[in-house]
Amino acid sequence: MIEINNLVKRYGDKKAVNGISFTVNDDEVLGFLGPNGAGKSTTMNIITGYLSSTSGTVKVNGHDILEEPELAKKEIGYLPENPPLYNDMTVAEYLDFVCDLKGVSRDKRKKQLERIVSLVRISEVYNRLIGNLSKGYKQRVGIAQAMVGNPSILILDEPTVGLDPNQIIEIRKLIKSLAKSHSIIISSHILSEIQEVADRVVIINKGKVAAVDTISDLSKRLSGQSKLLLTFKGPLKEGLAKIRALPGVQSATPRLTDNTMSQLEISIVNDNSADVRTSIFYLMAKESWPILEFRSLDPSLEEVFLNITAR
Amino acid sequence: MYAIFKREFLSYFRSPVGYVAISIFSFLAGFIFYSQFAGGSVNIGSEVISLRSFFVIIVPIITMGLLAEDKKRGTEILYYTTPVSLFSVVAGKVLAAFALYAVMFLNVVIHIIVTLACGGVFGVGAVGTIIVFFFMAFMFISMGLFASAITDNQIVSAIVAFIFILITQLLSVIGDYTGTAVTSVASAIGVNSESASAVGTAIRSAISWLDPFAKTQDFRLGVFSVSALFFLLCIGILFLYMTYRVLEKKRWSQA
């Protein structure tokens with residue numbers, strides 16, 4: 001369990017983190033969301049003891065990170081934005097070094113490393129130089145490094161950034177499997193990624209907490225307004241006017257158009273009992289405008305912010 | 312501490328750095344020993360004293376990456392976020408560089424064995440110079456480590472270390488020049504010649520008091536001075552302490 005209380009980090013005149021407070025419960029995955037530069041990494045660096053806070057406290061399982069750093073750090077495994085890897089070492093040498101740093105005793109080491117290596121699936125590269133590994137493997141070695149010493153809390157700073165889609169899915173699976181026995185804080189600026197793994201999210205913006213919510217409540221908040229993307233073969237102006245006239249449609253804006261097709265972005269109000277999608281479908285059918293594409297648009301993080309801060 | 316030491320020491324041999332340093336040292340030591348040997352009179356003490364002039368090249372090579380490289384790679388985060396203390400980081404790094412120096416010194420050990428086998432002399436003066444050699448190595452490595460802590464660029468770190476060591480090696484010359492300069496400036500602005508030269512002499516002796524080479528020059532004669540060794544040790548520890556503070560400051564920085 002981590003209790004973060006009124007954290008402030010000042011750099012000169014600028015407050016990178018400005019009064020952040022939240023709690024991470026045991027065996028919970030907490031998503032830590034925010035746009036680039038919101039203070040995610042700074043906050044994580046403070047929680048792990050890499051940086052000090054200007055004011056405020058961080059308590060890790062009851063140990064203050066500044067007053068009892070060694071006890072607190074034993075509870076935390078940290079994967080920073082850039083995994084702290086030595087390219088000149090093999091994976092085996094590196095993990096052995098991390099065991100030394102974290103004070104894992106010789107007799108426990110072999111068993112623990114075996115477990116970690118099979119969990120993050122790096123056994124096939126175990127004796128290769130880290131410098132020669134792909135980005136995905138490096139990331140996994142970074143996660144393995146965080147797990148050394150059996151910390152009860154894992155802090156992962158953008159663990160999937162720069163990975164290809166297959167690797168992203170692998171890492172997400174890994175995080176889900178780790179969630180059974182660890183508290184995890186995972187940061188990202190991609191909403192869907194957090195949605196998939198996290199129980200609860202903390203959204204920060206400009207160094208402040210903008211919202212703390214469970215995933216389902218967050219989507220409820222967002223579902224007040226949702227967007228559809230429609231591409232059809234037909235005249236733009238006429239289509240626009242007819243769609244705007246449909247009940248439940250808040251607004252419709254053209255996105256793309258050429259001689260053969262038109263694309264519209266449609267905002268709809270969801271509290272309408274009638275499903276707007278049905279009426280759009282029948283409208284298109286009646287006018288004999290073939291639908292080429294029709295899907296809902298996921299809200300971007302920016303919209304989430306606008307939405308949350310507007311309330 | 313042992314973890315850091317082991318990693319750093321082995322990393323010298325994972326890159327060319329360790330081999331380059333050892334090769335340079337072996338070449339120099341071998342060359343000096345060979346010229347003595349060919350000349351028919353071997354003096355291990357003077358070989359070791361000659362080798363001291365090359366600290367200025369070898370120390371920057373082996374210390375430049377110690378902390379600068381960690382900063383560049385982002386691996387320094389491991390030192391701050393694991394239960395290891397910054398003190399043991401500094402200690403482990405300095406010991407690793409020192410151990411590399413010890414490995415290089417095996418050359419001289421071989422020369423001693425050859426000398427003894429050929430009926431040469433290995434006297435108490437030579438032992439004295441070897442002791443001084445290691446204390447100086449510690450002091451210069453500490454300076455190099457400090458130079459490595461203040462930047463994330465290995466080249467900058469090497470240049471700063473080079474300058475530190477060069478200044479130390481030239482302290483007596485610097486003292487002479489500064490003394491003379493101060494005397495002439497003082498007389499030029501109208502101070503009477505007696506006090507002008509007194510000020511100059513005071514400054515010269517103050518600067519040369521710091522000269523570790525002058526302090527330890529009697530060791531070669533077998534005259535050991537604990538206070539001189541203590542002086543070298545203190546300078547080394549001072550630089551280690553400053554290194555420690557630089558690492559700690561990183562965490563508290565608000566700029």
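From first to last, the protein sequence lines are chains A and R. Read in the working numbering, the first sequence has 176 at position 176, and its numbers run on one by one without any break. Read in the working numbering, the second sequence has 519 at position 208, and its numbers run on one by one without any break. Beta carbons: idealized from backbone N, C-alpha and C, even for Gly.
Cβ-Cβ distance between residue i and residue j below 8 Å
i                 : j                 : result
Phe444 of chain R : Val359 of chain R : yes
Leu456 of chain R : Thr527 of chain R : no
Ile285 of chain R : Met450 of chain R : The shown model of chain R, from 312 to 566, leaves out residue 285 of chain R, and the question about it has no answer.
Ile442 of chain R : Val557 of chain R : no
Ile175 of chain A : Ile168 of chain A : no
Ala72 of chain A  : Gly39 of chain A  : no
Asn205 of chain A : Pro69 of chain A  : no
Ile266 of chain A : Ala252 of chain A : yes
Gly533 of chain R : Arg515 of chain R : no
Thr54 of chain A  : Lys9 of chain A   : yes
Leu236 of chain A : Ser262 of chain A : yes
Arg172 of chain A : Glu28 of chain A  : no
Thr231 of chain A : Glu293 of chain A : yes
Helix, strand or coil at residue i according to DSSP, with G and I counted as helix
i                 : result
Arg295 of chain A : strand
Ile461 of chain R : coil
Lys176 of chain A : helix
Phe535 of chain R : coil
Phe475 of chain R : helix
Asn18 of chain A  : strand
Phe365 of chain R : coil
Thr494 of chain R : helix
Ile122 of chain A : coil
Thr393 of chain R : coil
Asn166 of chain A : helix
Leu230 of chain A : strand
Leu134 of chain A : According to the sequence provided, residue 134 of chain A is Ser. The question's Leu does not apply to it. Three-state result, Ser134 of chain A: coil.
Tyr269 of chain R : Any answer about residue 269 of chain R is impossible in this case: the structure gives chain R only from 312 up to 566.
Leu377 of chain R : coil
Pro327 of chain R : helix
Ala210 of chain A : strand
Asp96 of chain A  : helix
Tyr488 of chain R : helix
Ser506 of chain R : helix
Ser52 of chain A  : coil
Distance, residue j Cα to residue i Cα
i                 : j                 : result
Leu286 of chain R : Ser459 of chain R : Past the boundaries of the shown model lies residue 286 of chain R; chain R is included only from 312 to 566, so the question cannot be answered.
Tyr50 of chain A  : Arg562 of chain R : 6 Å
Leu320 of chain A : Arg384 of chain R : No answer is possible for residue 320 of chain A: the residues shown for chain A start at 1 and end at 311.
Leu521 of chain R : Asn150 of chain A : 51 Å
Val496 of chain R : Phe316 of chain R : 50 Å
Ser399 of chain R : Leu101 of chain A : 10 Å
Arg255 of chain A : Asp13 of chain A  : 42 Å
Val331 of chain R : Glu196 of chain A : 52 Å
Ala513 of chain R : Ile500 of chain R : 18 Å
Thr426 of chain R : Met454 of chain R : 34 Å
Leu549 of chain R : Ile452 of chain R : 12 Å
Ala26 of chain A  : Leu7 of chain A   : For clarity, residue 26 of chain A is Asp in the given sequence; the question names Ala instead. Straight-line Cα distance between these residues: approximately 21 Å.
Met523 of chain R : Thr479 of chain R : Contrary to the premise, residue 523 of chain R reads as Pro rather than Met in this sequence. Taking the straight line from one Cα to the other gives about 8 Å.
Asn87 of chain A  : Ile268 of chain A : 52 Å
Ile335 of chain R : Gly31 of chain A  : 54 Å
Thr90 of chain A  : Arg128 of chain A : 5 Å
Ile355 of chain R : Val419 of chain R : 8 Å
Chain R within 8 Å of residue i, Cβ atoms only
i                 : result
Thr160 of chain A : no
Leu51 of chain A  : yes
Gly239 of chain A : no
Leu101 of chain A : yes
Tyr137 of chain A : no
Thr48 of chain A  : yes
Pro151 of chain A : no
Asn132 of chain A : no
Lys110 of chain A : no
Tyr78 of chain A  : yes
Asn82 of chain A  : yes
Lys312 of chain A : Since the displayed chain A opens at 1 and closes at 311, residue 312 of chain A lies outside it and no answer follows.
Minimum Cβ-Cβ distance from residue i to chain A less than 8 Å
i                 : result
Arg531 of chain R : no
Pro394 of chain R : yes
Gly403 of chain R : no
Arg325 of chain R : yes
Leu389 of chain R : yes
Ser584 of chain R : Outside the shown range of chain R (312 to 566) lies residue 584 of chain R, about which nothing can therefore be said.
Ala460 of chain R : no
Thr386 of chain R : yes
Tell me, please, whether the stretch 76-93 of chain A touches the stretch 143-157 of chain A by the rule of three or more beta-carbon pairs shorter than 8 Å. yes
Looking at C-beta atoms only, is the number of pairs between the stretch 535-543 of chain R and the stretch 498-507 of chain R that lie closer than 8 Å three or more? No, because fewer than three Cβ pairs between the stretch 535-543 of chain R and the stretch 498-507 of chain R fall closer than 8 Å, the two stretches do not touch.
Within the chosen definition, does the stretch 360-369 of chain R reach the stretch 114-129 of chain A through at least 3 CB pairs nearer than 8 Å? no
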